[in-house]
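For the sequence shown, my numbering gives the first residue as 10, with consecutive numbering after it. Ideal Cβ placement from N, Cα and C applies to all residues, glycine included. Being a predicted model, the structure only gives us computed values, none of them experimental. Before any comments, here is the structure.
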Amino acid sequence: MSRFRLPKDRIVALGADWSLLLLLAYCVYFLINWWYRALVLLKPSYQVPFPNYAYVLTVLATLGIAVLWENLGTSIGWKGVGLEHADLDRRRLGRQKRLVHAGADLVAWILTALGALLALIPLAGLGAFLHGLASGTGLTVVPGVIILPMRGWLATLGLSVAFLAVLTGTTVVAWRGARALWSWLWPAAKGARAWTERVTQTNVCRVADLENAGPPRRWWKTSWGLMTLLLIVVTIYVGALTTQINFGTLIRRAPVTATYWSKLARPDFRFFLLTEPDLNDTMLNAAIVSVYMALMATLLGLLLAFPLSFLGARNMVTRSRFGWGIYTLTRGFFNIGRSIEPFVMAVFFAVWVGYGPFAGALALFVHTIAALGKLFSEQVEAIDPGPAEAITASGGRRTQVLRYGVIPQIVPSFLAFTLYRWDINVRMSTVIGIVAGCGIGRFFNYFKSELRWHEVGAVLVVIAIIVLSMDYVSGRVRERIA
């Protein structure tokens with residue numbers, strides 16, 4: 010069976026360069042709109058009517074420019090992964106040889122993408138089939154084209170089996186074709202070179218392996234350095250325009266807020282122990298609810314993050330394809346869970362289970378699993394492999410390796426991370442209470458909406474005391490653990 014090995018470093022570098030060029034293209038598009046509106050005096054919502062195909066051309070053009078950049082100079086991506094073009098004697102290529110390599114490299118990437126599309130064709134057909142079957146629009150494997158209408162359940166079952174058989178055969182053919190194409194472009198045999206390097210009689214190696222590397226050039230004399238500077242300047246400029254930063258307005262309108270600041274500076278703690286009539290609660294009880302909400306979310310999150318961290322550690326599970334799949338899914342959950350703010354999760358949980366501390370605790374709970382799981386798994390990956398290897402060599406079982414070779418090394422850091430996470434959850438719980446309608450955040454939201462700034466000042470003082478106290482206690486405990 011044909012074997013291939015896609016160049017991970019080169020794919021990462023190309024993805025980074027392409028993304029940076031797309032960012033630059035977006036900044037250019039934004040500046041064209043902004044400058045045009047400023048010159049013609051149009052309303053801020055006006056957009057220059059670019060044709061739809063212009064966006065497609067921009068995406069394709071930036072990809073081509075990224076490939077040329079990686080071949081004709083040193084791109085940011087190639088600088089990051091430490092790659093360089095060289096001849097067969099590992100000497101840096103000249104300009105003409107780089108240009109030839111650029112053309113072949115562009116063809117290789119296009120063929121690689123075509124192989125990916127070929128492998129995805131059966132998946133698209135399966136999606137179209139399942140959609141047509143579930144929606145009752147008809148049996149099809151081509152999106153938007155109904156091949157056979159729905160019939161009785163027995164006939165539909167027979168046709169479905171036939172369709173799935175065709176899809177299975179198509180999958181085998183498509184996958185074999187993609188593998189054959191990729192193995193031709195990126196062979197996995199030891200010492201084999203990629204198709205581009207075979208055609209151009211060149212080599213891709215590490216910068217440290219070059220024979221004529223010479224002293225490194227100053228960053229302002231390199232393409233990656235100049236592009237980095239350009240991206241920083243343009244991104245900051247576009248960011249300032251997008252956020253409409255105006256320090257003059259900030260200073261000019263400062264006296265308008267003087268009344269609010271004076272009221273906040275004189276907090277009213279009347280409802281710290283007394284029940285607020287409309288909320289039917291006290292600020293002290295609400296603060297306790299916020300602390301316990303963070304505590305329960307941390308403890309429950311710890312119970313799930315601990316076992317999941319071993320599934321998300323590369324050195325624990327990636328010894329087979331199944332292990333790689335588990336590792337990828339677990340790390341994907343950690344990344345997705347951390348990317349969604351608890352404030353947003355609280356909105357959905359409040360609709361799901363109703364407003365209250367349970368919704369806030371669930372939001373913190375999910376985010377805690379992802380955050381602690383990521384920290385824990387990285388700590389597992391950083392352990393000293395010596396004890397685990399010694400136990401394995403002496404005939405120890407997998408559970409014994411974890412119990413005696415891994416867990417003793419990670420317990421102190423796990424406890425420190427858990428305490429730090431509780432500290433974070435306490436701070437988050439004050440904000441989540443605004444959405445979930447619970448805890449001290451509920452008081453803040455109510456007093457703010459009623460323009461009772463003296464009481465708002467009291468709430469802010471209570472929140473500050475809670476956060477400072479938790480920070481002090483968790484910091485001292487972490488010092489003892491360390």
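If we count the other Cβ atoms within 10 Å of its Cβ and call it buried at 16 or more, is residue i buried or exposed?
i, result
"residue 223", "exposed"
"residue 172", "buried"
"residue 111", "buried"
"residue 311", "buried"
"residue 488", "exposed"
"residue 414", "buried"
"residue 287", "exposed"
"residue 14", "exposed"
"residue 183", "buried"
"residue 10", "Note on residue 10: pLDDT 49, under 50, position unreliable in the model; no value is reported."
"residue 375", "buried"
"residue 140", "exposed"
"residue 256", "exposed"
"residue 474", "exposed"
"residue 155", "exposed"
"residue 8", "In the structure as shown, the chain starts at 10 and stops at 491, and residue 8 therefore has no counterpart that could be examined."
"residue 19", "buried"
"residue 372", "buried"
"residue 230", "exposed"
"residue 432", "buried"
"residue 453", "buried"
Nearest CA to the CA of residue i: which residue from the options?
i, options, result
"residue 97", "208, 225, 461", "208"
"residue 166", "142, 412, 395", "142"
"residue 451", "18, 183, 295", "295"
"residue 239", "21, 453, 454, 36", "36"
"residue 276", "367, 45, 467, 33", "467"
"residue 368", "84, 314, 441, 429", "441"
"residue 250", "126, 42, 406, 187", "42"
"residue 492", "144, 72, 134", "Shown here, the chain extends from 10 to 491; a query on residue 492 therefore has no answer."
"residue 324", "354, 407, 373", "407"
"residue 280", "140, 392, 289", "289"
"residue 228", "363, 83, 160, 192", "83"
"residue 127", "180, 246, 475, 218", "180"
"residue 400", "26, 411, 24", "411"
"residue 244", "34, 389, 351", "34"
"residue 5", "423, 12, 220, 75", "Here the chain covers residues 10 to 491 and nothing more, so residue 5 does not appear."
"residue 71", "27, 361, 87, 95", "27"
"residue 340", "478, 322, 23", "322"
"residue 30", "320, 17, 68", "68"
"residue 220", "438, 95, 268", "95"
"residue 16", "242, 118, 59, 432", "118"
"residue 78", "232, 116, 303", "232"
"residue 137", "164, 163, 176", "176"
"residue 5", "60, 254, 191, 169", "This structure leaves residue 5 out entirely; the chain is present only between 10 and 491."
"residue 186", "206, 205, 169, 131", "131"
"residue 469", "108, 270, 92", "270"
So if DSSP puts residue i in a beta bridge, which residue, or which two residues, is it bridged to?
i, result
"residue 148", "157"
"residue 432", "Answer by DSSP bridge pairing: none, since residue 432 is not bridged."
Helix, strand or coil: which one does DSSP assign to residue i?
i, result
"residue 285", "strand"
"residue 374", "helix"
"residue 10", "Because the pLDDT of residue 10 is 49, which lies under 50, any placement of that residue in the model is unreliable, and the number read from its coordinates should be weighed accordingly. Of the three classes helix, strand and coil, the one that applies to residue 10 here is coil, per DSSP."
"residue 277", "coil"
"residue 290", "strand"
"residue 445", "helix"
"residue 364", "coil"
"residue 393", "coil"
"residue 16", "coil"
"residue 169", "helix"
"residue 134", "helix"
"residue 128", "helix"
"residue 322", "coil"
"residue 538", "Because the chain spans 10 through 491 in this model, residue 538 falls outside it and cannot be assessed."
"residue 347", "helix"
"residue 414", "helix"
"residue 186", "helix"
"residue 483", "helix"
"residue 328", "coil"
"residue 403", "coil"
Check whether the Cβ of residue i sits closer than 6 Å to any heavy atom of the ligand FMN, and report yes or no.
i, result
"residue 142", "With respect to the ligand FMN, the structure offers nothing, as it holds no ligand at all."
Any alpha helix (DSSP H) of 4 or more consecutive residues that is wholly inside the segment 32-116: Within the segment 32-116, the complete alpha helix (DSSP H) runs of at least 4 residues are 61-81, 85-90.
Complete runs of the alpha helix (DSSP H) confined to the segment 192-263 [at least 4 residues]: 204-209, 232-251, 256-261
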